[in-house]
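Numbering (the working numbering), first residue to last: 1128 to 1366.
Written out below as structure tokens is the structure these notes cover.
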Ligand SMILES: Nc1ncnc2c1ncn2[C@@H]1O[C@H](COP(=O)(O)OP(=O)(O)O)[C@@H](O)[C@H]1O
Ligand SMILES: [Mg+2]
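The following block contains the structure:
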């Protein structure tokens, strides 16, 4: 049988957190959706709706309270933290709102980080990191420190770092949240290019419809529940 092209399969995912006074607060309710290889999907919703919690589960940073999650047909619902780390390293590249670059390490060192556990010789790591830097158009900046770069450039370095691990999926949590709209648009255009040219699956978390519009599919979450999943609507009325 032909292998299913669903690379992400979430089935009735629930997540609760313990609360200080005792008991639990449920944050995600029965999230069910599939994502196919090569999609560019936005997960959108207001602040506090559960987007980051959902992203943490997709990215194997956290596990659900109930439901099942399959990544590349592998059940990753109940793995140990060590097993989750292996999955992350193999499949996922992360991009965060605040870049999460090491401030005292050069741009090139930052990009080499995901390669640390791959047993590659140093010169191959350097070559590969340089190739990633070139891909984001920053080859002249390899010796710079992140603090010497603009926000948009920092985010491009973070994208190069995410790409260095050869991820199947890029997970970006509010990737333009710390950028002005011009730099933000550059990053979104770049995601589009990565998606089209390299076929990388992109899942982007945002609370803004104008950002989500850059993707091809919108999953809208409200109060931890999906209330829309489909093509990008004309406007955000009704979401
Ligand atoms: N680790 C945690 N412990 C307890 N509550 C959490 C934790 N992470 C998130 N929450 C709660 O879950 C809800 C959704 O948070 P989050 O997923 O960060 O939303 P969003 O990213 O959409 O703003 C919030 O009420 C938040 O306080
Ligand atoms: Mg969030």
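Backbone N, C-alpha and C fix where the C-beta goes; we use that ideal spot for every residue, glycine too.
Nearest-angstrom Cβ-Cβ length linking residue i and residue j, presumed shorter than 8 Å
i	j	result
residue 1260	residue 1287	5 Å
residue 1353	residue 1158	6 Å
residue 1278	residue 1239	Residue 1278 to residue 1239, Cβ: 22 Å. No contact.
Spatial neighbours of residue i in its chain, beta-carbon cut-off 6 Å, leaving aside the 5 residues before and after
i	result
residue 1299	1222 and 1331
residue 1359	1340 and 1345
residue 1136	1161 and 1197
residue 1234	1268, 1269, 1271 and 1284
residue 1366	1347 and 1355
residue 1322	1167 and 1329
Proximal residues to residue i (C-beta, below 7 Å), its chain only, five neighbours per side dropped
i	result
residue 1195	1138, 1202 and 1204
residue 1176	1348, 1349, 1350 and 1351
residue 1255	1242 and 1291
residue 1398	Because residue 1398 is not part of the residues shown, which for the chain are 1128 to 1366, the question remains open.
residue 1305	1224, 1225 and 1278
Element boundaries [alpha helix (DSSP H), containing residue i]
i	result
residue 1152	No alpha helix (DSSP H) holds residue 1152; the beta strand (DSSP E) holding it covers 1151-1163.
residue 1278	1278-1291
residue 1362	Here residue 1362 belongs to no alpha helix (DSSP H), and DSSP marks it neither H nor E.
residue 1250	1249-1262
Spatial neighbours of residue i in its chain, beta-carbon cut-off 8 Å, leaving aside the 5 residues before and after
i	result
residue 1147	none
residue 1174	1334
Enclosing beta strand (DSSP E) for residue i [first to last residue]
i	result
residue 1305	Counting along the chain, residue 1305 falls outside any beta strand (DSSP E), and DSSP gives it neither H nor E.
Distance cut 6 Å, beta-carbon to ligand 1 heavy atom: residue list by chain order: 1144, 1154, 1172, 1174, 1175, 1176, 1177, 1178, 1179 and 1180
Beta strand (DSSP E) runs contained entirely in the segment 1314-1347, provided each spans 3 or more residues: 1328-1333
What runs of the alpha helix (DSSP H), each 4 residues or longer, lie entirely inside the segment 1185-1244? 1208-1218 and 1234-1239
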